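Just so we're aligned: the sequence shown equals residues 677 to 782 in our numbering.
First up is the structure itself, then whatever we jot down about it.
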Amino acid sequence: MAWLMLLVAAMLEVAWAIGLKYTHGFTRLWPSVFTLLAMAASMYLLAAAAKSLPIGTAYAVWVGIGATGTAILGMLLFDEPAHAGRITCLGLIIAGVLGLRLLEST
677 MAWLMLLVAA MLEVAWAIGL KYTHGFTRLW PSVFTLLAMA ASMYLLAAAA
727 KSLPIGTAYA VWVGIGATGT AILGMLLFDE PAHAGRITCL GLIIAGVLGL
777 RLLEST
């Protein structure tokens, strides 16, 4: 259950990070409300998952999924660069997250 909470927390991190772009510096009400709610829910679920997972693993997985998801959506939604070097680096982050998940049980 902790891993599921962590996955949802990371997806919410992607949501609030992308939401920041739509808030226009927190000057737009509904995108700002959505972003703040996603932030709060993401932090709550991260904290809940960290009750039973090592904090280093939980935080690294949360950040890794969040950063990768945000970068991918940035490429798709905002025409951010999608060159081979950037995609390779995102693949390395994913490999690190998967490695932490696989090594957690050892």
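C-beta atoms are modelled at their ideal positions from N, C-alpha and C, and glycine is treated no differently.
Model, not experiment: these values are computed from the prediction.
Met681 burial status per 10 Å Cβ neighbour count (16 or more: buried): Taking the sequence shown and counting its residues from 1, the one referred to as residue 681 is at position 5. Buried is the call here.
Assigned exposure category for Ile741 - 16 Cβ within 10 Å defines buried: Locating residue 741 in the sequence shown gives position 65, counting from the first residue. Classification for Ile741: buried.
Spatial distance of Pro730 from Ala686 (CA atoms): Indexing the sequence shown from 1 puts residue 730 at position 54. Indexing the sequence shown from 1 puts residue 686 at position 10. Their backbone Cα atoms lie some 16 Å apart in a straight line.
Beta carbon proximity, Trp679 to chain C, threshold 7 Å: Absence of chain C from the displayed structure is noted, only one protein chain being present.
Contacting residues, own chain, Cβ-Cβ under 8 Å from Lys727 (five flanking each side not counted): Here the question's residue 727 lines up with position 51 in the sequence shown. The residues are Ala678.
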